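Reading the sequence shown from the start, the letters are residues -19 to -1, 1 to 366 in mature numbering (1 follows the signal peptide of the UniProt record, and there is no 0). Backbone N, C-alpha and C fix where the C-beta goes; we use that ideal spot for every residue, glycine too. Bear in mind the structure is a predicted one, so any value in this text is a computation, not a measurement. This report concerns only the one structure given below.
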Amino acid sequence: MARQLLFITFLVDIDVGLCLRAPPQWRVMQAAHGRFSSRHIDTAACRCNRLSRPLQVIPDLQTCRKGSTRPQPPAVLKPHCCRVSRGSTAQATRQAVSRAAGHSMCDDLLIVGAGVLGTPLGKSWLAEHDSKVIGETNTDASHARLQAVGITPRLRSQRKDDQQFDNVVFCAPPSGSEDYVGEVQRACKLWTGKGGLVFTSSAAVYSNEDGSACSEDCPLVGLGSSERTDRLLKAEDAVLEAGGCVLRLVGLYHSRRGAHTAFLRMGQVPRWGGYTVNLIHYEDAASLTAAILGYQQQNRGSEKRRAFVGCDGTPITFQAMMDAVKATGRYDGDVQFTGQQSKNVGKRMSNLATRELVGWQPNYASYSKFMQDGAEDFYSTSGLY
């Protein structure tokens, strides 16, 4: 049963932990001789973007104080490098020569941990960019699927540390490495700094569990709260220090994967049905990641380093989630929640600042709407899953 609960925690809502948390302590990063330092404080101020030097950041992402102004979209700046035009023989030749020499290309993308999230990300990137997408994995189990959508697969063991990319996304789960933070740090070194660097983290790093609202600028848990959040926070620090962005995702789902399928397999679930979870479809998480890469390409210096939130903005309870699943008539089985209410009742995530800053909206507005519309998506129609 303990293993089942742990599995549920990962699939259901990656912003929810089953472990007991220490009293919320807000984590602040401050400059110390050009390096990051961390400390735990009990004050009413917090900063989501733990940066190594003072930056001009959007108020909603910098402070929790009331009355902060809503962020305005940034001025569009010319990207550092230009996209290679499709159909240009001369440019295509230069692109091939550059790749052969081990040089990076502006639109090329490396996805470290190219799995359920990385596959639609790479597919959509290829549709919008004249580029090459490398999907790096620990095993070759998903390589046929990656090739089917145009992604070039490679094993982690085949990585060449001197080959850099202008766009890098790290979306591998912590379970894939014994030295997760080290893997993130090494991936950062594969980035040229010219395009975008995104690390997909978890909204589990936000401290509130009392059912209150939570957005980009809310308090984080302190180091020592759990091994899981410690790994995530340290990995976030590595990416922000390298000049990249962090995307804190809530519970991921698609038609064939997520909390609903885990619950259906269990039948009786030892959780309280009124617990509030936050969700985002895998395809929407992928499109938001791509939007953040585009944002970074159009901004320089300090503007490239931020912490974003990925959610559909429509919190839902466990019971309402499974009611929506049953109403589709597409899923077999019944679920009964047997747990009792506790002081931890979840959080209500929103990401208005993220949406406004990068110009993004989810394709699947809510979990209930997705189920109501028939639960059809890339994963159910592509024949690859």
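- The criterion of a C-beta distance shorter than 7 Å is not satisfied by Phe318 and Gly248.
- For Cys195, the enclosing beta strand (DSSP E) begins and ends at 191 to 195.
- For the options Arg238, Glu284, Phe244, the alpha carbon positioned closest to that of Leu221 is the one of Glu284.
- Burial state of Asp160 is exposed, judged by a 10 Å Cβ sphere holding fewer than 16 other Cβ atoms.
- Taking C-beta separations shorter than 6 Å and ignoring five residues to either side along the sequence, the partners of Pro155 in its chain run Tyr161, Arg212, following chain order.
- Annotation: Leu221 is outside any beta strand (DSSP E); the continuous alpha helix (DSSP H) that includes it extends over 208 to 222.
- In this structure, the straight-line span from the alpha carbon of Gly294 to that of Ser331 is close to 5 Å.
- With respect to the 7 Å criterion, Gly327 and Tyr256 are classified as neighbours on the basis of their beta carbons.
- When the alpha-carbon of Ala223 is set against those of Val165, Glu190, Cys199, the nearest one is in Val165.
- For the 7 Å CB-CB criterion, Lys113 and Asp142 do not form a contact.
- Remark: C-beta atoms of Leu98 and Phe146 do not approach each other more closely than 7 Å.
- Taking 7 Å as the cut-off, the Cβ atoms of Ala346 and Glu197 do not count as close.
- Shown here, Ala272 sits in a helix according to DSSP, grouped into three states.
- Going by DSSP, Cys226 is part of no alpha helix (DSSP H) but of the beta strand (DSSP E) stretching over 226 to 230.
- Asp89 carries a coil assignment under DSSP once its states are collapsed to helix, strand and coil.
- With distances taken between CA atoms, Ala266 lies nearest to Val179 out of Arg137, Val179, Thr120.
- Residue state for Thr120 is assigned as coil, using DSSP reduced to three classes.
- Taking the Cα positions, Leu228 is about 18 Å away from Ala194.
- In this structure, the alpha-carbon of Ile273 lies about 30 Å from that of Thr242.
- Nearest to Thr309 by alpha-carbon distance, out of Ala153, Ala216, Ala356, Ala184, is Ala356.
- Cβ-Cβ distances below 8 Å link Thr133 to Lys113, Val114, Ile115, Gly116, Leu127 in the same chain, with the five nearest sequence neighbours on each side left out; the list follows chain order.
- DSSP, reduced to helix, strand and coil, places Asp147 within a strand of the structure shown.
- Between Trp172 and Val150, the C-beta gap is not smaller than 7 Å, which leaves the two residues out of contact.
- Look at His241 here: in three-state DSSP terms it is helix.
- Under the three-state reduction of DSSP output, Lys350 falls in the helix class.
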